[in-house]
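There are 2 protein chains.
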Amino acid sequence: MDVIRRNTDYTIRAMVYLANCSSKQAKSARTIAQSEGIPYELACKLLQRLEKKKLVESSMGAQGGFRLKKRPSAINLMEIIETIQGPLELNRCLMNLKACERVVQCPIRKKLAKMQKELNNELKNTRLCDLITAKSKG
Amino acid sequence: MDVIRRNTDYTIRAMVYLANCSSKQAKSARTIAQSEGIPYELACKLLQRLEKKKLVESSMGAQGGFRLKKRPSAINLMEIIETIQGPLELNRCLMNLKACERVVQCPIRKKLAKMQKELNNELKNTRLCDLITAKSKG
DNA sequence: ACAAAGTAGGACTATATTAGTCTTATATGA
DNA sequence: TCATATAAGACTAATATAGTCCTACTTTGT
Numbered sequence: 000m001d002v003i004r005r006n007t008d009y010t011i012r013a014m015v016y017l018a019n020c021s022s023k024q025a026k027s028a029r030t031i032a033q034s035e036g037i038p039y040e041l042a043c044k045l046l047q048r049l050e051k052k053k054l055v056e057s058s059m060g061a062q063g064g065f066r067l068k069k070r071p072s073a074i075n076l077m078e079i080i081e082t083i084q085g086p087l088e089l090n091r092c093l094m095n096l097k098a099c100e101r102v103v104q105c106p107i108r109k110k111l112a113k114m115q116k117e118l119n120n121e122l123k124n125t126r127l128c129d130l131i132t133a134k135s136k137g
Numbered sequence: 000m001d002v003i004r005r006n007t008d009y010t011i012r013a014m015v016y017l018a019n020c021s022s023k024q025a026k027s028a029r030t031i032a033q034s035e036g037i038p039y040e041l042a043c044k045l046l047q048r049l050e051k052k053k054l055v056e057s058s059m060g061a062q063g064g065f066r067l068k069k070r071p072s073a074i075n076l077m078e079i080i081e082t083i084q085g086p087l088e089l090n091r092c093l094m095n096l097k098a099c100e101r102v103v104q105c106p107i108r109k110k111l112a113k114m115q116k117e118l119n120n121e122l123k124n125t126r127l128c129d130l131i132t133a134k135s136k137g
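Protein sequence lines, in the order shown, are assigned to chains A and B.
In case it helps, numbering that gives the first Met the number 0 puts the first sequence at residues 0 to 137.
In case it helps, numbering that gives the first Met the number 0 puts the second sequence at residues 0 to 137.
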């Protein structure tokens, strides 16, 4: 996968899964992993990263697990993606000015920067709740 | 690089280089490679791929080399990118339906498909001549 | 005819990135 | 105190990308 990689995909699924649960009861990494087809050890890591970014909260020990820390309407796709992949970039030179010393790249860069901005906006405007609602439709 | 990878970047530079030349005289792969900072052997391969897609034409032997096969206004960024990287995809499931069996991906897919379309349009609307003109500005 | 300057293209190697696993430690509840 | 959890670093595997090597073939000029 390019912009949305496999681990990100796993993570989005996990978040949607949590969003569909009653938030009272924490879900264990194992449950989430099994339900969403994510390798268990990997699910642990991904969930830990979500926890560090305060997208979910964890409780240790028996009956522990993970639950959303915010309402689904307060979480957008962009922050989930960036939690796992880091900043999204269409072309390395957009982020890393040193990589762009060639005159030729500049006009391209301008175009790409515009596209990048539009992409970011779309992703920010897509909230976790949008994904849940849509799910029930089809 | 993500959407535009290094080899694609090399290739765009090579095309811009050719666009800036008088089309009468073929430029050797070696000349292009040196001018644009591309490893020579790699430049050969990239140019060969452009040739197969009829974006450039080659002539063999001494005094041979490559030149654009169409006017710079008749070549867009999208075709250059796809010649090197193949079809652009934001998320694998957009292209490969089998990869998307999970209900959860569907709403995401819809969003991504829209973004993908916009991106494609931008890339198609950017012609090689746009990159040259912009170059002279700065 | 032959040497030099080119492209053509397959096979191979190296590098980087991403995904996944293993292991050990620690916390909690019954 | 045991079973069930998370925490987290180190390691390995898989994949994708970039780059190199080698041989063959073509054209031009002498």
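Positions of the beta carbon are idealized from the N, C-alpha and C atoms, including for glycine.
In this text, all values refer to a predicted model and were calculated from it rather than measured experimentally.
Which residues DSSP lists as bridging residue i, in chain order
i	result
B:V55	B:L67
A:R126	A:N75
A:K26	A:F65
Supposed close pair residue i, residue j - CB separation, criterion 8 Å
i	j	result
B:I3	B:I80	7 Å
B:P71	B:A18	4 Å
B:M114	A:E121	5 Å
B:L111	B:N90	5 Å
B:L45	B:N75	Going by Cβ atoms, the distance from B:L45 to B:N75 rounds to 17 Å, so no, they are not a contact pair.
A:L127	A:V15	7 Å
B:A25	B:S58	5 Å
A:G64	A:S27	4 Å
B:T82	B:L41	14 Å between Cβ atoms; not a contact.
Cβ of residue i within 7 Å of any chain A Cβ
i	result
B:T10	no
B:K110	yes
B:K97	Confidence is the limiting factor: at B:K97 the pLDDT is only 45, short of 50, which leaves the residue's position unreliable, though a coordinate-based value still follows. So no, B:K97 is outside the interface.
Beta-carbon neighbours of residue i, restricted to chain B and to distances below 7 Å
i	result
A:M114	L118 and E121
C-beta neighbour in chain B for residue i, strict 7 Å
i	result
A:V2	yes
**Study point:** Selection of the segment 23-44 of chain B by Cβ proximity to chain A, strictly under 9 Å
**Key:** Those would be E35 and G36, in chain order.
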